[in-house]
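Undergrad:
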Ligand SMILES: Cc1cc2nc3c(=O)[nH]c(=O)nc-3n(C[C@H](O)[C@H](O)[C@H](O)COP(=O)(O)OP(=O)(O)OC[C@H]3O[C@@H](n4cnc5c(N)ncnc54)[C@H](O)[C@@H]3O)c2cc1C
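Residue numbers (the working numbering): 16 to 229.
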């Protein structure tokens, strides 16, 4: 069973589960290793949203693991992967489907220091009432063109344009236009000219901000 099956079954009820960001991923593997969702900062990992497991143990017996039944196994299955038995049923907490805002932003090499700082600043898990927000963050190096770039694909709950939780990414354009803040000078290389120390572009390429519903 994949997250596509779960999300499709819940959608008519206006509910969602905390599971895979790519819906073709399987439910059991992701949930048993933890499971990172876009909204983990508010709802926890996929494993935190499991209220009950039905498990076939190594000796062939089937048990229910929950807060009150086999609580030690219930605890161990949250991150315990396939080490404790075969899970035949997961009971998951569900949440109301929110309206969401999304952003996609790409950065050239000169913006990567600020990009990493913005990603660290976003990763706050200790706020009492956080706005659910997360994303996919990648830094890539193209060996053919000798160019490094970074990408954020962000999602947050609520309507906000540009999405407020990604303001530190959106602000990078101004930060890297200031030469005093060009931390990468001397490290960056122009594509096709490995001796150059001039960053090719000081501006991130803003691919777009989208408002959409889940
Ligand atoms: C394209 C892609 C996108 C991904 N995106 C995310 C993401 O957004 N968030 C995230 O957290 N992870 C993500 N992952 C990682 C993903 O969580 C792991 O690959 C996970 O193992 C996938 O689970 P599965 O059920 O599809 O895999 P499987 O290969 O079927 O299983 C993985 C492991 O779980 C065991 N297992 C399977 N079913 C059971 C069961 N019923 N009982 C006990 N053990 C079982 C298997 O023996 C195996 O060891 C992604 C992976 C890929 C390839």
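Beta carbons are placed, not taken as given, at the ideal position from N, Cα and C, and that holds for glycine. None of these values were measured; they are calculated from a predicted model.
1. Using the Cα positions of residue 162 and residue 156, report the straight-line distance between them to the nearest angstrom.
2. For residue 30 and residue 91, what's the separation of their Cα atoms in angstroms?
3. Quick one: what's residue 110 bridged to in DSSP?
4. Determine, using beta carbons only, whether residue 102 and residue 79 come nearer to each other than 8 Å.
5. By Cβ distance below 8 Å, which residues in the same chain neighbour residue 22 in space, the five residues on each side in sequence not counted?
6. Given a cut-off of 8 Å, decide if residue 56 and residue 149 are closer than it, judged by their beta-carbon atoms.
7. If we require 3 or more residues per run, which beta strand (DSSP E) segments fall completely within the segment 136 to 163?
8. Whole angstroms are fine: how far does the CA of residue 93 sit from the CA of residue 67?
9. Per DSSP, which residues does residue 77 bridge with? Please list them.
10. Going by the CB atoms, is the gap between residue 46 and residue 65 shorter than 8 Å?
11. Once DSSP output is grouped into helix, strand and coil, what is the label at residue 175?
12. Thinking residue 147 and residue 54 are a contact (beta carbons under 8 Å), I'd like their distance in whole angstroms, please.
13. Can you tell me where the alpha helix (DSSP H) holding residue 22 begins and where it ends?
14. Compute the Euclidean distance between the alpha carbons of residue 182 and residue 165, then round it to the nearest angstrom.
15. State the CB to CB distance for the pair residue 120 and residue 151, rounded to an integer number of angstroms; the pair is presumed to be in contact (CB under 8 Å).
16. Give me the residue from 123, 185 and 132 with the minimum Cα distance to residue 160.
17. In its own chain, which residues sit with a C-beta less than 6 Å from the C-beta of residue 85, not counting the 5 before and 5 after it?
TA: In short, the structure shows the following:
1. Along the chain shown, read from residue 1 onward, the residue named residue 162 stands at position 147. Along the chain shown, read from residue 1 onward, the residue named residue 156 stands at position 141. Using only the alpha carbons, I get a separation of about 6 Å.
2. For the purposes of this step, residue 30 is identified with residue 15 of the chain shown, where counting begins at 1. For the purposes of this step, residue 91 is identified with residue 76 of the chain shown, where counting begins at 1. Rounded to whole angstroms, residue 30 and residue 91 show a C-alpha spacing of 27 Å.
3. Residue numbering aside, residue 110 sits at position 95 when the chain shown is read from its first letter. 31.
4. For the purposes of this step, residue 102 is taken as residue 87 along the chain shown, with counting starting at 1. For the purposes of this step, residue 79 is taken as residue 64 along the chain shown, with counting starting at 1. For residue 102 and residue 79, no; Cβs fall outside 8 Å.
5. Sequence index remark: in the chain shown, residue 22 carries index 7 (1-based). Here residue 22 has 31, 32, 34 and 38 as same chain residues with Cβ atoms under 8 Å from its own Cβ, once five neighbours each way along the sequence are excluded.
6. As a first step, residue 149 is located in the chain shown; it is residue number 134 there, counting from the start. As a first step, residue 56 is located in the chain shown; it is residue number 41 there, counting from the start. Yes, these two residues count as a Cβ contact at 8 Å.
7. List check, beta strand (DSSP E) in window: 148 to 157.
8. Within the chain shown, the letter at position 52 stands for residue 67. Within the chain shown, the letter at position 78 stands for residue 93. Approximately 11 Å between the Cα atoms of the pair.
9. By 1-based counting over the chain shown, the position of residue 77 is 62. BP columns for residue 77 point to 71.
10. The sequence position of residue 65 within the chain shown is 50, counting from 1. The sequence position of residue 46 within the chain shown is 31, counting from 1. In contact: residue 65 and residue 46 (Cβ atoms closer than 8 Å).
11. By one-based count along the chain shown, residue 175 stands at place 160. The DSSP-derived three-state label of residue 175 is coil.
12. The residue labelled residue 147 in the question sits at position 132 within the chain shown. The residue labelled residue 54 in the question sits at position 39 within the chain shown. Contact flag correct, Cβ pair sits at about 4 Å.
13. If you number the chain shown from 1, residue 22 lands on position 7. 18 to 25 is the extent of the alpha helix (DSSP H) around residue 22.
14. The residue given as residue 182 occupies position 167 in the chain shown. The residue given as residue 165 occupies position 150 in the chain shown. Between residue 182 and residue 165, the alpha-carbon positions lie close to 16 Å from each other.
15. If you number the chain shown from 1, residue 120 lands on position 105. If you number the chain shown from 1, residue 151 lands on position 136. With a Cβ gap of about 12 Å, residue 120 and residue 151 do not count as contacting.
16. In the chain shown, counting from the first residue as 1, residue 160 sits at position 145. Shortest Cα-Cα distance from residue 160 to any of 123, 185 and 132 involves 123.
17. If you number the chain shown from 1, residue 85 lands on position 70. Only 78 meet the Cβ criterion.
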